[in-house]
Amino acid sequence: PRAGEAIEEAREAGEQAALAQALVAADSAQLSLGGGSSGRMLEALSIYQSLGDLSNEGTVRGNLGCEAYLAGRWDEALEWFAGDRNICQRAGNMVGAAIAAANIGDIYVKRGQHAEAEPVLRDAIRVLRASGFNDGAACSELQLARVLVRRDAFDEANAMLERIRTEFIALGQSANALEATLIAALAQIRQGKADSALDLLDRAAAAAGESGALLVPQVAEARVRALAAIGKHAAVAAEIEKGLTAARRLGLRYEE
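Take -7 as the starting number for the sequence shown in my numbering and just add one per residue.
What follows is the structure, encoded as C-alpha cells:
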C-alpha cells in the first residue's frame, strides 16, 4: 500500500526517477508475496531508459528476468538476464553483470546445458569473489558443483561443496548449506554409494529444519534415486508423493 501511495505522489509531482523507484518497490513487494505485475516494471524500465540511467535499467531488466523465471518463462528470462548483463557491462558495473551471468548459468544448469553453463558460472564466480560478494559467489558455486557432478568430476565437486557448505554455515544460511549437502549426496549416488547418500540427506535435512522447506522436493527426489539404486522400491512411491505434494504446495513448477 505504501508503495502505491508513493507511485501516486510521484506521478502528481512529475518526479520520474521517484516514480520509477516506487514502481520497482511495489512490484518487488508483490513478487515476494507470490505475485507481480510486469506492467509496473516495464513502466519503470521505460522511465530509466528515457533518463539514461543504465545502472537502474540493468536492475529492472534483472527483476523482469526473475519474474519470468519464477513464472516458468525461461526463454524470456534468459533474454532479460542477457540484457541486464549487457547494460551492466556498458555502465561499468561488473558485479551486476556477474550476477546476471550467474542467473543465466542457473537456467542453463536446470536445462541440462552443462557445457554452456560452466564457463558462464566460472566467470561470474571469479568476478563475485574478487568483489567480495562471497555469498553470491558461493551460490553460483552450488550450480557449478552440479555441473561437475554431472560430468563425474567428483574430487573437484566435493572439495568445492565442503568449502561452500562451511561458508554457508558461517553465514547462517542453513538452507544453502543443505543444498550443498544435497549435491554431495547426488555425487555419492553416482559413485554407487547410495546408502551413505541416504544417511547424509537425512542428517542434513534434520539439521536444516524448517529453513529447508523449499528444498523438500529436491531432497525427496534425491532419496528416490538412492532408494531405487539399492532396490528399496516399496519406499520409492511414498518419497515421490512427498516430493510432489511439497512442490505443488510451494508452487515450485520445476521441482514438480
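Think of the CB as a built atom: it goes at the ideal place given N, C-alpha and C, for glycine as much as any other residue. What you are looking at is a predicted structure, and each value in this text was computed from that prediction instead of being measured.
Gly(-4) and Ala12 - do their beta-carbons sit closer together than 8 Å?
Result no, Cβ atoms of Ala12 and Gly(-4) do not sit closer than 8 Å.
Could you say which of Val101, Ala226, Leu163, Ala151 lies nearest to Asn126 if we only look at CA atoms?
Restricting attention to Val101, Ala226, Leu163, Ala151, the CA atom closest to the CA of Asn126 is found in Leu163.
Does the count of Cβ pairs from the stretch 89 to 99 and the stretch 52 to 60 closer than 8 Å reach three?
A contact exists between the stretch 89 to 99 and the stretch 52 to 60.
Proximity to Ala116 [Cα-Cα], best of Gly235, Glu133, Leu170, Gly104:
Nearest in C-alpha terms to Ala116, of all of Gly235, Glu133, Leu170, Gly104, is Glu133.
Between Ala205, Val228, Gly223, which has its C-alpha nearest Glu213's C-alpha?
Of the candidates Ala205, Val228, Gly223, the one whose C-alpha sits nearest the C-alpha of Glu213 is Val228.
With DSSP collapsed to three states, give me the class of Asp45.
Asp45 carries a coil assignment under DSSP once its states are collapsed to helix, strand and coil.
Beta carbon of Leu206 nearer than 8 Å to that of Ile175
By the CB criterion at 8 Å, Leu206 and Ile175 fall outside the cutoff.
According to DSSP, is Phe125 helix, strand or coil?
Coil at Phe125, not helix or strand.
Would you call Pro111 buried or exposed, if buried means 16 or more other Cβ atoms sit within 10 Å of its Cβ?
Exposed, since its Cβ has fewer than 16 Cβ neighbours within 10 Å.
When you compare the CB positions of Ala197 and Glu159, do they come within less than 8 Å of one another, or not?
Cβ distance not < 8 Å, so Ala197 and Glu159 don't count as in contact.
Note the first and the last residue of the continuous alpha helix (DSSP H) segment covering Asn4.
The question names Asn, yet the displayed sequence has Glu at residue 4. In the DSSP assignment, Glu4 falls within the alpha helix (DSSP H) that extends over -6 to 5.
Leu219 - containing alpha helix (DSSP H), residue span:
Boundaries of the alpha helix (DSSP H) around Leu219: 208 to 221.
Please give me, in chain order, every unbroken run of the alpha helix (DSSP H) with length at least 4 that falls completely inside the stretch 82 to 128.
Counting whole runs of 4 or more residues, the stretch 82 to 128 contains the alpha helix (DSSP H) stretches 86 to 102, 106 to 123.
Is Gly64 closer than 8 Å to Arg245 when the C-beta atoms are compared?
Yes.
Apply the 10 Å Cβ neighbour rule to Gly75 and answer buried if 16 or more other Cβ atoms are within range, or exposed otherwise.
When all chains shown are included, Gly75 counts as buried.
Ala107: buried (16+ other C-beta within 10 angstroms of its C-beta) or exposed?
Label assigned to Ala107: exposed.
If you follow the alpha helix (DSSP H) that Leu242 is part of, which residue opens it and which one closes it?
Residue range 225 to 242 is occupied by the alpha helix (DSSP H) that includes Leu242.
Check this for me: beta carbons of Arg217 and Ile181, under 8 Å apart or not?
Yes, these two residues count as a Cβ contact at 8 Å.
Given this structure, state the Cα-to-Cα distance separating Glu59 from Gly31, to the nearest angstrom.
Roughly 11 Å between the two C-alpha positions.
Close Cβ partners of Ala169 (< 6 Å) along its chain, the five nearest in sequence each way excluded:
Taken in chain order, the residues that qualify are Arg157, Phe160, Ile161.
With a threshold of 16 other CB atoms inside 10 Å of the CB of Glu259, please say whether the residue is buried or exposed.
The structure shown does not extend to residue 259, since the chain is modelled only from -7 through 248, so no value can be given for it.
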